[in-house]
Amino acid sequence: MELIDFKILEENKDVLYTQWHNPQKPFHYLVYDNFFHIQAAEKILAAYPDVITGNWNGTTYVNQKNKFTMTKFGEDMPLMQQVFAELNGKKFLNFLESVTGVGNLLADEDLFGGGLHQSTNGAFLDVHVDFNIHDKTKYHRRMNAIVYMNKDWKKDYNGYLELWDMQKKKQLEYIEPLFNRLVIFETNEVSFHGHPKPLNTPPHLSRKSMAVYYYTKDRPAHEIAEEHNTIYVNTEGAGGLLKNLKSGLKAAVERTIKK
Numbered sequence: 006m007e008l009i010d011f012k013i014l015e016e017n018k019d020v021l022y023t024q025w026h027n028p029q030k031p032f033h034y035l036v037y038d039n040f041f042h043i044q045a046a047e048k049i050l051a052a053y054p055d056v057i058t059g060n061w062n063g064t065t066y067v068n069q070k071n072k073f074t075m076t077k078f079g080e081d082m083p084l085m086q087q088v089f090a091e092l093n094g095k096k097f098l099n100f101l102e103s104v105t106g107v108g109n110l111l112a113d114e115d116l117f118g119g120g121l122h123q124s125t126n127g128a129f130l131d132v133h134v135d136f137n138i139h140d141k142t143k144y145h146r147r148m149n150a151i152v153y154m155n156k157d158w159k160k161d162y163n164g165y166l167e168l169w170d171m172q173k174k175k176q177l178e179y180i181e182p183l184f185n186r187l188v189i190f191e192t193n194e195v196s197f198h199g200h201p202k203p204l205n206t207p208p209h210l211s212r213k214s215m216a217v218y219y220y221t222k223d224r225p226a227h228e229i230a231e232e233h234n235t236i237y238v239n240t241e242g243a244g245g246l247l248k249n250l251k252s253g254l255k256a257a258v259e260r261t262i263k264k
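Residues in the sequence shown are numbered consecutively from 6, following the numbering used here.
Given below as structure tokens:
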């Protein structure tokens with residue numbers, strides 16, 4: 006049985022097309038709820054490993070803290086294998102192409118930068134634009150797809166996905182990371198996003214999401230930029246600078262301990 010509810014997804018294609026192609030936005034994005042069949046979503050959440058189980062990467066950086074990622078799923082994680090097989094599968098790629106108008110999309114089976122994501126209390130990810138060229142294939146990164154898996158998320162927890170128009174220094178969206186919610190946005194030089202406000206969650210609770218990135222072998226000439234890594238911006242003034250200083254010190258301590 007498929008995990009993605011393609012029937013309902015197809016029924017909402019026109020709505021999603023309109024969301025994506027809104028000419029008032031500086032970059033394209035859409036938000037869609039009830040992405041997986043509800044029974045499948047419940048099983049995926051139940052199978053989600055905690056941060057002390059499995060091979061998680063939880064490296065701290067100046068602009069990122071308490072974020073854990075996992076990209077390898079063994080035989081003991083068949084459901085997660087199926088999740089990413091469907092997200093990277095031709096059926097979903099064809100749907101994305103029909104909605105976004107971006108043709109010849111390519112999945113990244115290695116989930117470079119993607120996979121399971123999990124953030125714990127105090128976590129943040131500063132607003133940024135993503136790396137634009139895949140490190141190995143040299144393909145152009147064109148699109149991010151994120152599925153959130155958080156039930157009963159409270160506003161006080163923070164962790165909302167912020168989309169920004171940095172030319173106008175204006176927040177475009179403040180998206181709640183709700184259970185079974187899909188967010189897709191294009192990757193280009195103006196698609197600024199992040200969740201810069203540190204999480205304020207109970208010790209037992211984490212912010213869970215699954216991310217995949219899509220590529221093409223080329224892209225429109227006016228969108229091509231010199232290859233770069235993630236580019237961060239500060240949207241929080243002096244408070245953001247202090248937060249980054251503390252995170253940088255934590256990162257330095259972690260690297261000293263590992264030596």
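Don't be surprised by glycine CBs; every beta carbon is placed ideally from N, CA and C.
Just so you know, these numbers come straight off a predicted model, no measurement behind them.
DSSP-derived helix/strand/coil call for V88: V88 falls in the helix class under three-state DSSP.
Those runs of the beta strand (DSSP E) which lie wholly inside the segment 40–100 and span at least 3 residues: Runs of the beta strand (DSSP E) spanning 3 or more residues and lying entirely within the segment 40–100 occur at 69–75, in chain order.
Nearest residue (CA-CA) to N126, options Y37, G79, T65, P207: Per the Cα distances, P207.
Range covered by the alpha helix (DSSP H) that runs through K143: Premise fails: K143 is in no alpha helix (DSSP H) and is neither H nor E.
G119 to T74 span [Cα, whole Å]: C-alpha of G119 to C-alpha of T74: approximately 7 Å in a straight line.
Sub-7 Å separation of V36 and V188 beta-carbons: Going by C-beta atoms, V36 is nearer than 7 Å to V188.
C-alpha gap between L98 and G106, whole angstroms: Their backbone Cα atoms lie some 11 Å apart in a straight line.
Proximal residues to P252 (C-beta, below 6 Å), its chain only, five neighbours per side dropped: As written in the sequence, residue 252 is Ser, which differs from the Pro given in the question. Cβ within range, chain order: V67, K70.
A45 beta carbon less than 7 Å from that of L8: yes
M215 to H227 span [Cα, whole Å]: 30 Å
Short Cβ contact (7 Å threshold) for V56 with Q123: Taking 7 Å as the Cβ cut-off, V56 and Q123 qualify as a contacting pair.
Whole-angstrom C-beta distance between N155 and R212, which should lie under 8 Å: 6 Å
Reduced DSSP secondary structure (H/G/I, E/B, other) of L14: helix
Status (buried if at least 16 other CB within 10 Å, exposed otherwise) for I290: Residue coverage of the chain in this structure runs from 6 to 264, which leaves residue 290 outside it and unanswerable.
CB contact flag (D115, Y237, <7 Å): 7 Å or more divides the Cβ of D115 from the Cβ of Y237.
For F190, the residue or residues it bridges with in DSSP: Y34, N149
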